[in-house]
Each structure stands twice: as structure tokens, then as C-alpha cells.
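Numbering (our numbering), first residue to last: 2 to 274.
By construction, the Cβ of each residue, glycine as well, lies at the ideal position given by its N, Cα and C atoms.
If you're wondering where the values come from, they're calculated on a predicted model, not measured in any experiment.
Note sheet for the following structure.
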Amino acid sequence: LVKVEGRLARDSFPNVRVIHSRAETALNHLFVPESLTEIHINFPDPWFKTDHARRRLMQRDTLDAMVSRLQPNGSLYLATDIIAYAEMSAELLAATPGLTNQLASPWVNSLPGRVTTKYEARARAEGRSCYYFAYRRNDVPAPAVPVIKDLDMPHMVFTTPLSLDDMRDRFEAFHHNDGDVHIGYSAVFRGEYTLLFEIHVNEPTISQHTALLLTQRQVENEYTLQLASFGHARPTEGVHAAVYALGSWLLSLHPDAQVVKQKLRPDVSAGAT
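As C-alpha cells, this is what we get:
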């Protein structure tokens, strides 16, 4: 990305923007419906292993988001050098009412006028076949895929007789599941008046490696738990669940601990697993 941005500045392309995110994140969190004229998917990771299939870009939910974000008559292009991925994608695309195939077959092995990528040139030089798809957005209504908005910044204020050192010493890495959100708490770090908890929050449309900050307040035995400011993590439903789960664990460490106030999504579930 740094190289690309350097070339964009050097060669004066003011209409190009680079987004450092997963495609699923950009489609669901950044782009509004009917905002894209073309989508190009070039040789996505096939994720061969069965238990990794959920990571593939070509999924029903993600394809529905693409249809929603394409303008009328917008184009979707896909290229892959993996026949199994081509077959899987052909089945998905054929079952997508909002897209019309622009080819005489599910895919072709060459697409005139296309810009060849470095990976593509290497694949052809090594004798691998490539499979190209070209679809157009038709007038069938798109699935309703609303833009996922950020929530308010989550926080919890609570009291406990325990010190920062007490809480740090009791910490062991754990995981919390909240529906289809998976959160890992991997480490804790001690500051002068704080504890910093390293976390990984994996949601269907976004994954974030960030931290939660526990700060000792001026009121005796009172603490604030909130999202750390570095890294510019987005306050998603998963991050709210992460604050709640860690706060619940901290409260469980002493029978006299109690919540003073909190700002969390209303439906956040209880308990850590």
C-alpha cells in the first residue's frame, strides 16, 4: 500500500484512493448502496481448507452486498486461476438475480481489453489456466444491505476493592463468543494508572486487533473501562461486546464490585466463554 500511494502521488492520480481493509469491511461499512460503477476481484485467496471456507471473499452475504453497492448497469469482474474457486463462484453468481452474465458461458479463459496483473502474468508463464467472469447489474431490486454504522464509544465505570495489580495478576488469556462475534483477550500490560488489555475482535464484516484501557479514577476504588484510542478502532457491536465481557470478568473477581454506569449496546449478551 505504501508503494502504491507513493506512485499515485508521483504520477498525479488525484482520483484514486487506497483503502486498507478487507473487502467485506469496505462494502458493508464504507460504501453506500448504488455508489460503485465497477467491482474488480483479481485472484482472491481460495482458502482451500474446508474449515477456512468461511474466509472466502465469494460468499452469498458478500455478493449480496456487492449487488447492493453497484449502480444500475454497473459491472462485476472476477478472475481466478483455481478451477474449484471458479466452479464455486459460477454457482453463486448464477443464483444471483441482480446480476446478468455478459458472457456466452459461465466463464472464459481470456478477456480482451483487461489489464494483466503481475500475479496473472506469473500464472500464465507457469502454464496455469485463468478463468474470467463478467456480470452486469440489472434492474432486479438489490437485497437490502444497509451500511453498518459505528456505535457510540463504549465504556463501563465500576467500583472494586481490588487494585490494578490484583486484577492484572488474576488475568489469564480467554475467549468470549457473542453470537457470530468472536473475541480473544490475549495479554495485559501495566501502566502507572492503567491496565491495557490486548484484544482481537472478529465479526462477519470486520476484524480488529486493538486494546481496552482500564483507568484508575480519582474516586477511591473506581475504574473506567473503555476502548483505547490508538489504532482508531471502530466502535462496532463486537467492540461493545468486548467491553461488556471484560467488564463482567473484572466484576466477578470480587463480591463487592459493582457497576456505577455504562454505555453499551442494549442487547449485549452476558457471560464469557
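Which residue wins for smallest C-alpha separation from Arg137, given the options Leu79, Asp62, Ile149, Ala54?
Leu79
In the DSSP output, what is Asp179 paired with across the bridge?
Val182
Tell me the DSSP bridge mates of Lys150?
Looking at the DSSP assignment, Lys150 forms no beta bridge with any residue, so it has no partner.
In the DSSP assignment, what are the bridge partners of Phe14?
BP columns for Phe14 are empty, so no partner.
In or out: His156 buried (at least 16 other Cβ within 10 Å) or exposed?
buried
On a Cα-Cα basis, can you pick out the residue from Pro147, Asp52, Gly99, Ser130 that is closest to Ala87?
Considering only alpha carbons, the answer is Ser130.
Can you give me the start and stop residues for the beta strand (DSSP E) that Arg235 sits inside?
Arg235 -> no beta strand (DSSP E), and no H or E assigned at all.
Evaluate Val260 with the Cβ neighbour count: other Cβ atoms within 10 Å of its Cβ, from every protein chain shown; 16 or more gives buried, anything less gives exposed.
exposed
Inspect the beta-carbon positions of Ala135 and Asp179 and report whether they are closer than 8 angstroms.
Using a Cβ distance threshold of 8 angstroms, Ala135 and Asp179 do not count as a contacting pair.
Return the chain-ordered list of same chain residues with a C-beta closer than 6 angstroms to the C-beta of Pro113, the five sequence neighbours on each side being excluded.
Closer than 6 angstroms at Cβ, skipping near neighbours: no residue.
What number of angstroms, rounded off, separates the C-alpha of Thr237 from the C-alpha of Phe190?
Across the structure, Thr237 and Phe190 are spaced so that their CA atoms are roughly 24 angstroms apart.
Enumerate in chain order the residues of its own chain whose CB-to-CB distance from Ala143 is below 6 angstroms, with the five nearest sequence positions on each side excluded.
Taken in chain order, the residues that qualify are Val68, Ser69, Gly99.
Please report how far the alpha carbon of Gly239 lies from the alpha carbon of His255, in whole angstroms.
26 angstroms
Does DSSP put His255 in a helix, in a strand, or in coil?
coil
Among Asp268, Pro15, Leu2, which residue has its Cα nearest to the Cα of Leu152?
Asp268
Using only alpha-carbon positions, find the residue among Phe198, Tyr186, Val5 that is nearest to Phe1.
Residue 1 is absent from the model: the chain starts at 2 and stops at 274.
Taking C-beta to C-beta, are Tyr245 and Leu265 nearer than 8 angstroms?
yes
Closest to Val141 by CA distance: which of Thr97, Ser106, Tyr120, Lys150 is it?
Thr97
Helix, strand or coil, according to DSSP, for Arg191 in the structure here?
strand
Can you name, in chain order, every residue of its own chain whose Cβ lies under 7 angstroms from the Cβ of Tyr194, other than the five neighbours on each side?
So the qualifying residues of the chain are Thr216, Gln217.
Can you name the start and end residues of the beta strand (DSSP E) that Met59 belongs to?
Careful: Met59 lies outside any beta strand (DSSP E) and carries neither H nor E.
If I measure Cβ to Cβ from Phe172 and keep anything under 7 angstroms in the same chain, skipping five residues before and after, which residues do I get?
Val189
Tell me where the alpha helix (DSSP H) around Leu2 begins and ends.
Element bounds for Leu2: n/a, residue is neither H nor E.
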